[in-house]
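Worksheet: one structure, shown below.
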Amino acid sequence: RCLGRQRENPPRQLITSLYDTLDVLLEILMNNTEDDDGDNRIFEALVNVITIAMDKNKVEAFQPVLDSYIQQNFHATLVYNKLIHVMKYFVEHSMDPKCQKTLMRSMKCLQYIFKFIIRSRQLFVDLYGRGREEFEKSLHQLLEAMANMMIHTTDNTLTIQAHCLKYITATISDTITNFDPLAMSFILVQMLDNLDPKRIPKQKLTTLNEIIHSELFKIRECRQILLPSFVEHIKNLVAANEEVADMSLINLRKQKEANIRKLLGDQAIQDFAQANADDKNKMEELELCVKILGDILDVLFSADVGPTYEDINLLTTEMLQNILSIVTKTDRGEKDILRKFVSVLVSLMRQMSERHFSSFLNQFKEQDELMAFLVELLMAIQDLIENPVFPSDWAEMVLLQNSVMVKVLRHSSYVISEKMREPFKETIWSNFFHCAIKFVTQPSLQLETFTQSKRNKILNRYKDMRKETALEIKKLWFSLGQYKIRFIATTGGPTMIGPFLEMTMLPDYDLRKATIPIFFDMMQCEFYSCKERSTQFPPEMGGPRDGKIKGKFDEFEREILEKLDHLVEGGRGDEHYREVFHKIVGALCEDHTTMREPGLRLVSTVTKLMDRLLQYRAIMNTPDYSPETRMSCTVNLLDFYSSINRKELYLRYVYKLVDLHLSCDNYTEAGYTLLQHANLLKWEPEMIPRALCSPLYQHINRHRQLKMELYHMIIGYFDKGKVSGNVRKFFSRWMLPNMHFGLNFLKMSSLRSSHTANFYYSIAN
245 RCLGRQRENP
255 PRQLITSLYD
265 TLDVLLEILM
275 NNTEDDDGDN
285 RIFEALVNVI
295 TIAMDKNKVE
305 AFQPVLDSYI
315 QQNFHATLVY
325 NKLIHVMKYF
335 VEHSMDPKCQ
345 KTLMRSMKCL
355 QYIFKFIIRS
365 RQLFVDLYGR
375 GREEFEKSLH
385 QLLEAMANMM
395 IHTTDNTLTI
405 QAHCLKYITA
415 TISDTITNFD
425 PLAMSFILVQ
435 MLDNLDPKRI
445 PKQKLTTLNE
455 IIHSELFKIR
465 ECRQILLPSF
475 VEHIKNLVAA
485 NEEVADMSLI
495 NLRKQKEANI
505 RKLLGDQAIQ
515 DFAQANADDK
525 NKMEELELCV
535 KILGDILDVL
545 FSADVGPTYE
555 DINLLTTEML
565 QNILSIVTKT
575 DRGEKDILRK
585 FVSVLVSLMR
595 QMSERHFSSF
605 LNQFKEQDEL
615 MAFLVELLMA
625 IQDLIENPVF
635 PSDWAEMVLL
645 QNSVMVKVLR
655 HSSYVISEKM
665 REPFKETIWS
675 NFFHCAIKFV
685 TQPSLQLETF
695 TQSKRNKILN
705 RYKDMRKETA
715 LEIKKLWFSL
725 GQYKIRFIAT
735 TGGPTMIGPF
745 LEMTMLPDYD
755 LRKATIPIFF
765 DMMQCEFYSC
775 KERSTQFPPE
785 MGGPRDGKIK
795 GKFDEFEREI
805 LEKLDHLVEG
815 GRGDEHYREV
825 FHKIVGALCE
835 DHTTMREPGL
845 RLVSTVTKLM
855 DRLLQYRAIM
865 NTPDYSPETR
875 MSCTVNLLDF
885 YSSINRKELY
895 LRYVYKLVDL
905 HLSCDNYTEA
915 GYTLLQHANL
925 LKWEPEMIPR
935 ALCSPLYQHI
945 NRHRQLKMEL
955 YHMIIGYFDK
965 GKVSGNVRKF
975 FSRWMLPNMH
985 FGLNFLKMSS
995 LRSSHTANFY
1005 YSIAN
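Next comes the structure, spelled out in structure tokens:
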């Protein structure tokens, strides 16, 4: 009857006499010897008082008062036995509707029930110092009962299970002061594992995260129990939910929805709404997963958690591929989730040692599996460089990401060199070179663009990451051996000459000095390559002994001149680069008996070309220069390319000169300039080589067709120039002698307009 009146008291009145109320209840519970029913009713009253004290909606912050009572006024040394016994009774009867209300309320105040248990036990130990084994056994039975309660799959236990997971973590710090932390870890794992995977996944993840931030997770031995289970749960949830961020699946779903809407109209809206709600839940779970992974790595990176090798090894083995897969597949529109997964990837790889990396890669038994992973890794790095997920003003994060990339590239380079050479896997070597060079040339690493103070700060913390990576590239290049030629003289595919040239042009003397010798090595490789090689197979290295060496490096020369033109015009290179290239490659050629003459000739050509290209760039980028000066500079380059017979580059500047004339309304000069290209073409309907293609008519691949199109343009320019003599002269000199090729001027007049049509019509008649 007294307990009933206690429940009827107003909350504020009850709280004002909190100490006395708790003293009485705990004293009665400790001394009650009648029956379990009496203990249960006393326990219910105690739960009621604690609930009121914790309810912020009813009273103002009485939890500190409750904490103060437990630490300073509580003295029931034997009540822990009763509390454990009664709590265990309610947990074991969680399927009984009569017990569920009390059990649910007790779960909400689980933290304080355990505080009473642990404080009572501590007081007993202080007085008597015995009974540890019995206490741990009884508490273990209670916790095990709570873990077994998670097995239930009925609806009426769902909320109880959720509350248990929600509040059990608040008991950890008190419990492990008088209970074996390892045993507590096993119980927590059992709780999570017993729960059906589809029940309350968000609460499960929240509980996981709170355990990670508890003192328990800082203990190495406990982590060895907890982490494998946590990783397994996260891995399963990530696998189940990653589709909501998959770019290809998102696009496929959108297309499917659009098609269904066309067929069903408004009938499909409700189904789509449910599907979108499911996707939202999956995205929330995925975000919780990535948050937990990030928090785990943050805890492991801290200084007070002991050795972490095994932990990182587990995360690497179980999660690295999954995380990488999500990073590569995630829709770039999902910036927030993508950023989080990239941060986790960076954090994990930051903490991976060389042993971790080697151990992880050794799990791939087949070379093709290993190569597939490395390709995915390198493509992910390259994509993060080309399409950054972090804003440029997140300088620290970008630098950290780059420092991790350097480490990954270094490890990858070693593995590629050791395991991808025999049999040779060209794809992975090419991917590495492209990725590493893209890394070296990215804007965020160009120290010259920063202030001196920022540059010094970066150098002190990370050094110059460009140099380290460039040396790794050079090391890998020279380890290629006989396969180098595949990246110089290809069977139609892109070479590595352009990317290497871009890397060597970075404005750092040490980097240039270290990497420019690669070009001399390329020259040697092509010079000593097989003279006759099939276009159906990769190029091979020859040798002086078989007498079948190529004896020249024309493909290297063509490629380096073409790429030099584009790179210098795009802002790369300077006078210093010209001098260093001439000095280093020139000296190497000078000392080479066989290649001395052609080598020095190429060095001279490159040097002269750079002089002209730098002059051209300076004039074109300065608005003060007159059109005549710009034209003169363009003609200078045009004549140079003509003198060394580089038709593709010669024509590039022919069209630039045409544009300059047109900008000044010099239509007649534009026509005569364009005639330079037409004169290189034949009247026969042969295929056009790449060097003679027109940027204006890229779809035309026959000599006669392109020649006629250019003539039409030329006549049109002459018409606009309003100089009729030029038109007649052009006709008599260039078109009339070629009438035997079957030119139908009447038909051509019907396809043209204005003065050009009249001109063709007069010829036809």
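Heads up, the sequence shown is in our numbering, so the first residue is 245 and it goes up one at a time. Quick reminder that beta carbons are idealized off the backbone N, C-alpha and C, glycines included.
Does the separation of the CB atoms of residue i and residue j fall below 8 Å?
{"i": "VAL648", "j": "ARG594", "result": "yes"}
{"i": "ILE536", "j": "LEU452", "result": "yes"}
{"i": "LEU605", "j": "VAL659", "result": "yes"}
{"i": "LYS326", "j": "ASP283", "result": "yes"}
{"i": "MET839", "j": "MET767", "result": "yes"}
{"i": "ILE540", "j": "ILE456", "result": "yes"}
{"i": "LEU558", "j": "PRO472", "result": "yes"}
{"i": "MET331", "j": "ILE314", "result": "no"}
{"i": "GLU965", "j": "TYR899", "result": "Correcting the residue identity first, residue 965 is Gly in this sequence and not Glu. Contact flag unset, no."}
{"i": "TRP721", "j": "ILE672", "result": "no"}
{"i": "MET274", "j": "VAL335", "result": "no"}
Using the Cα positions of residue i and residue j, report the straight-line distance between them to the nearest angstrom.
{"i": "LEU426", "j": "LEU262", "result": "36 Å"}
{"i": "ASP264", "j": "GLU271", "result": "10 Å"}
{"i": "SER312", "j": "LYS342", "result": "33 Å"}
{"i": "LEU755", "j": "GLU712", "result": "9 Å"}
{"i": "ASP418", "j": "ILE478", "result": "27 Å"}
{"i": "LEU919", "j": "ILE958", "result": "7 Å"}
{"i": "GLU640", "j": "VAL590", "result": "13 Å"}
{"i": "TYR772", "j": "SER597", "result": "41 Å"}
{"i": "TYR411", "j": "LYS524", "result": "26 Å"}
{"i": "LYS698", "j": "TYR706", "result": "12 Å"}
{"i": "GLN565", "j": "PHE617", "result": "8 Å"}
{"i": "ARG349", "j": "VAL291", "result": "7 Å"}
{"i": "GLU652", "j": "LEU857", "result": "The question names Glu, yet the displayed sequence has Val at residue 652. Answer to the nearest angstrom: the Cα atoms are 37 Å apart."}
{"i": "ASP855", "j": "LYS718", "result": "27 Å"}
{"i": "SER458", "j": "GLU630", "result": "39 Å"}
{"i": "GLY538", "j": "ILE570", "result": "15 Å"}
{"i": "ILE294", "j": "SER636", "result": "52 Å"}
{"i": "PRO933", "j": "PHE731", "result": "22 Å"}
{"i": "GLU913", "j": "ASN945", "result": "26 Å"}
{"i": "PHE318", "j": "ILE286", "result": "17 Å"}
{"i": "SER723", "j": "ASN704", "result": "31 Å"}
{"i": "LEU195", "j": "GLY843", "result": "Nothing can be reported for residue 195: it is not among the residues displayed for the chain, which extend from 245 to 1009."}
Taking its Cβ as the centre, do 16 or more other Cβ atoms sit within 10 Å of residue i, making it buried, or is it exposed?
{"i": "GLY814", "result": "exposed"}
{"i": "LYS448", "result": "buried"}
{"i": "MET428", "result": "buried"}
{"i": "ARG789", "result": "Per-residue confidence for ARG789 stands at a pLDDT of 49, beneath the threshold of 50, marking its modelled position as unreliable; the derived number appears in the next sentence. It counts as exposed."}
{"i": "SER907", "result": "exposed"}
{"i": "SER656", "result": "buried"}
{"i": "LEU470", "result": "buried"}
{"i": "LEU882", "result": "buried"}
{"i": "LYS951", "result": "buried"}
{"i": "HIS921", "result": "buried"}
{"i": "GLY373", "result": "exposed"}
{"i": "ALA297", "result": "buried"}
Could you give the residue range of the alpha helix (DSSP H) that holds residue i?
{"i": "HIS457", "result": "HIS457 -> no alpha helix (DSSP H), and no H or E assigned at all."}
{"i": "TYR897", "result": "891-907"}
{"i": "ALA733", "result": "That residue, ALA733, is in no alpha helix (DSSP H); it is neither H nor E in DSSP."}
{"i": "GLY843", "result": "840-864"}
{"i": "LYS342", "result": "341-352"}
{"i": "ASN675", "result": "670-684"}
Excluding sequence positions up to five away, which residues of its chain have a Cβ less than 6 Å from the Cβ of residue i?
{"i": "ALA414", "result": "GLN355"}
{"i": "HIS337", "result": "CYS343"}
With a threshold of 8 Å on Cβ separation, who are the neighbours of residue i within its own chain once the five nearest residues in sequence on each side are excluded?
{"i": "MET527", "result": "ASN485, VAL488, ALA489 and ILE581"}
{"i": "VAL926", "result": "It should be pointed out that residue 926 corresponds to Lys in this sequence rather than to Val. Hits under 8 Å: HIS947, ARG948 and LYS951."}
Using C-beta distances below 7 Å, list every residue in its chain close to residue i, excluding the 5 sequence neighbours before and after it, in chain order.
{"i": "ASP424", "result": "GLU380"}
{"i": "LEU745", "result": "ILE804, LYS807, LEU808 and LEU811"}
{"i": "PHE677", "result": "ILE717, MET740 and PRO743"}
{"i": "GLN686", "result": "ILE629"}
{"i": "GLN468", "result": "GLU554"}
{"i": "ILE463", "result": "PRO425"}
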